[in-house]
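Chemist: Numbering (my numbering), first residue to last: 9 to 242.
Note that beta-carbon positions come from the ideal geometry of N, C-alpha and C, so glycine has one too.
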């Protein structure tokens with residue numbers, strides 16, 4: 009789904025996993041968001057980087073951790089079967105709630121022994137807020153490890169997290185505040201081109217990757233409600 013509000017443009021992914029039945033080129037990006045303010049990309053898609061050459065990086069760039077969504081129990085939304093094969097799929101669905109509010113869900117984590125449903129609601133700008141993203145993760149009884157992941161644009165600078173807030177700065181000098189409110193205790197980790205994790209990479213061209221800032225908010229529990237609010241700063 010494409011959305012636009014003034015200078016703000018974005019894309020919200022919720023639909024079929026891929027084509028054909030093996031979804032060869034699909035990525036685990038259900039419910040991910042790309043966000044552009046004017047000419048500056050705030051939240052990005054990490055890209056592809058490679059096909060056959062390096063399975064480690066193929067798996068990363070196709071995996072959930074390379075996209076702006078939520079990962080459960082350190083597993084991808086679908087089971088990786090090879091560079092051009094998924095053993096399972098994550099199917100998303102989308103419906104509009106109101107003119108400036110919509111939501112999606114996917115079934116990728118229903119395959120777990122204790123199935124989890126991920127629902128994401130997106131609210132477009134209000135007078136004091138650029139964007140709000142509300143995630144609800146619901147299990148059936150057992151605790152799960154949850155990771156909310158945000159990949160920032162290639163030229164976005166990231167400040168130090170203070171409490172539940174972190175500051176973003178763009179090359180033009182615009183500043184934004186990202187605030188995370190959670191129903192569970194959580195920790196924040198940030199990465200920038202971490203080869204070991206791996207975390208925090210962006211590929212604009214095939215065979216090339218560049219470091220970007222990535223944020224992961226991690227929590228553990230049966231159910232998790234977490235809301236991310238992005239605001240402009242003076």
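By the 10 Å Cβ neighbour count, where 16 or more other Cβ atoms means buried, how is residue 168 classified, buried or exposed?
Modeler: Burial call: exposed.
Chemist: Buried or exposed: residue 217, going by 16 or more other Cβ atoms within 10 Å of its Cβ?
Modeler: Buried: at least 16 other Cβ atoms inside 10 Å.
Chemist: Identify which residue in 74, 118, 140 has its Cα closest to the Cα of residue 203.
Modeler: Of the candidates 74, 118, 140, the one whose C-alpha sits nearest the C-alpha of residue 203 is 74.
Chemist: Under DSSP, the beta strand (DSSP E) around residue 194 begins and ends at which residues?
Modeler: Residues 194 to 200.
Chemist: For residue 232, which residues does DSSP report across the bridge?
Modeler: Paired residues: 145.
Chemist: Specify whether the stretch 53 to 66 and the stretch 191 to 201 touch according to this definition: at least 3 beta carbon pairs, one from each stretch, less than 8 Å apart.
Modeler: These segments do not touch.
Chemist: Thinking just about the alpha-carbon of each residue, which of 133, 233, 84 is nearest to the one in residue 109?
Modeler: Checked all of 133, 233, 84; the closest Cα to residue 109 is 133.
Chemist: Residue 71 and residue 4 - do their beta-carbons sit closer together than 8 Å?
Modeler: No answer is possible for residue 4: it lies beyond the span of the chain, which begins at 9 and ends at 242.
Chemist: Is residue 226 helix, strand or coil when you go by DSSP?
Modeler: Residue 226 falls in the strand class under three-state DSSP.
Chemist: Could you give the DSSP three-state label for residue 45: helix, strand or coil?
Modeler: Correct three-state label for residue 45: strand.
Chemist: Go ahead and label residue 176 buried or exposed: buried means 16 or more other beta carbons lie within 10 angstroms of its beta carbon, across all protein chains shown.
Modeler: Under this definition residue 176 is a buried residue.
Chemist: So, is residue 152 buried or exposed, given that buried needs 16 or more other C-beta atoms within 10 angstroms?
Modeler: Answer is buried; the Cβ neighbour count reaches 16.
Chemist: Start and end of the alpha helix (DSSP H) containing residue 66?
Modeler: Counting along the chain, the alpha helix (DSSP H) containing residue 66 begins and ends at 63 to 70.
Chemist: Just grab the DSSP bridge partners of residue 218 for me.
Modeler: Looking at the DSSP assignment, residue 218 forms a beta bridge with 210.
Chemist: Which residues share a DSSP beta bridge with residue 165?
Modeler: 177.
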